[in-house]
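Asker: Could you have a look at this structure, given as structure tokens, before my questions?
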Ligand SMILES: [Zn+2]
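Put into structure tokens, the structure is as follows:
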């Protein structure tokens with residue numbers, strides 16, 4: 050979408066769907082300062098048995114917190130693009146408090162690619178929008194998604210692992226980064242990130258971390 054079309058669209062969106070804090074209803078913001086303070090956020094490490102290719106996996110929020118799932122769902126399913134960078138800034142402020150901040154800042158971020166079909170439906174990739182709120186350098190397009198795989202959330206674990214196999218192909222670049230951080234909005238089994246990590250490592254990336262705004266247990 051052109052800048053003009055996008056700002057016109059934002060203007061129309063504001064008319065029919067006015068910006069209002071998802072927590073308290075305050076106007077002209079998606080998340081006010083008070084509600085931000087109430088969010089239980091912390092950078093935590095996650096161990097997932099099905100993601101052996103990820104050297105570390107981090108998340109900052111629990112998807113089962115009503116406010117957390119509301120933020121993610123409003124961004125993804127109601128197409129509120131502006132929430133992406135807001136989620137990114139929330140992740141960023143937790144990274145800044147971490148003792149590993151130096152390691153994060155010297156890595157490159159690779160937003161998990163979404164299906165082209167999903168991208169068309171939504172008009173944007175929410176992981177790219179989230180990355181805009183981080184202070185970590187974006188990688189070039191290191192992998193792209195080939196199979197128009199089924200939507201992971203609709204499948205059980207065995208089918209998820211099968212569905213995601215060979216869905217990603219490496220895009221050759223001149224300088225292979227040493228450490229790549231895969232960014233997603235929600236991590237569940239880690240199957241998608243694990244598959245991308247495998248492709249990256251087969252192509253010379255030494256270390257792959259995962260980073261998600263929220264962790265969901267289901
Ligand atoms: Zn509020």
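In the working numbering, the protein residues as written are 50 to 267.
All C-beta atoms in this analysis are idealised placements derived from N, C-alpha and C, irrespective of residue type, glycine included.
Note that the structure is predicted; figures quoted are calculated from it, not measured.
(1) Put residue 74 into one of helix, strand or coil per three-state DSSP.
(2) Rounded to a whole number of angstroms, what is the C-alpha to C-alpha distance between residue 296 and residue 154?
(3) Please find out if some non-hydrogen atom of ligand 1 comes closer than 7 Å to the beta-carbon of residue 244.
(4) Can at least three beta-carbon pairs, one atom from the stretch 96-104 and one from the stretch 135-150, be found at a separation below 8 Å?
(5) Does ligand 1 have even one heavy atom less than 7 Å from the beta-carbon of residue 75?
(6) Locate the alpha helix (DSSP H) running through residue 209, then write down its first and last residues.
(7) With DSSP run on the structure shown, which of helix, strand or coil describes residue 135?
(8) Buried or exposed for residue 239, please, with buried defined as at least 16 other CB atoms from any protein chain shown within 10 angstroms of its CB.
(9) Can you tell which of 224, 263, 210 and 262 has its C-alpha closest to the C-alpha of residue 245?
Answerer: Taking the definition as stated:
(1) As a position in the chain shown, residue 74 is number 25, starting the count at 1. Residue 74: coil per DSSP, three-state reduction.
(2) Any answer about residue 296 is impossible in this case: the structure gives the chain only from 50 up to 267.
(3) As a position in the chain shown, residue 244 is number 195, starting the count at 1. No, since every heavy atom of ligand 1 falls outside the 7 Å radius drawn around the Cβ of residue 244.
(4) Remark: fewer than three beta-carbon pairs, one from each stretch, lie closer than 8 Å, so the stretch 96-104 and the stretch 135-150 are not flagged as touching.
(5) Start at 1 with the first residue of the chain shown, and residue 75 comes out as number 26. For ligand 1, at least one heavy atom lies less than 7 Å from the Cβ of residue 75.
(6) Sequence index remark: in the chain shown, residue 209 carries index 160 (1-based). 206-213 is the extent of the alpha helix (DSSP H) around residue 209.
(7) Sequence index remark: in the chain shown, residue 135 carries index 86 (1-based). Looking at residue 135 - three-state DSSP - the assignment turns out to be helix.
(8) Translated into positions along the chain shown, residue 239 becomes position 190. Answer is buried; the Cβ neighbour count reaches 16.
(9) For this step, residue 245 is matched to residue 196 along the chain shown. Nearest option by C-alpha distance: 210.
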